[in-house]
Amino acid sequence: MAYVRVDDNEPLEKAIKKFKRMVEKEGIIREWKKREYYEKPSTIENRKKKAMQRKQMKKVRKMHSMKSY
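Residues in the sequence shown are numbered from 1 upward in steps of one, following our numbering.
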């Protein structure tokens, strides 16, 4: 959980900015969006496989472009 301690002389905008950074760093919003709706295990597996294929293709393209020089 993200907590921000605000000093008496610290502006509120600065505290909000700190809070946003902490939430982003901890991945709270990403996790919330992921869990917002139920996703079937097969759908999760398919999504991961497609991501892995994209990553592999990107690696192959990069290696191919390096060999051509």
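Ideal placement from N, C-alpha and C gives every residue a C-beta, glycine not left out.
query                                                          : result
Residue 11 - DSSP class collapsed to helix/strand/coil         : coil
Residue 22, DSSP secondary structure in three states           : helix
Short Cβ contact (8 Å threshold) for residue 4 with residue 18 : yes
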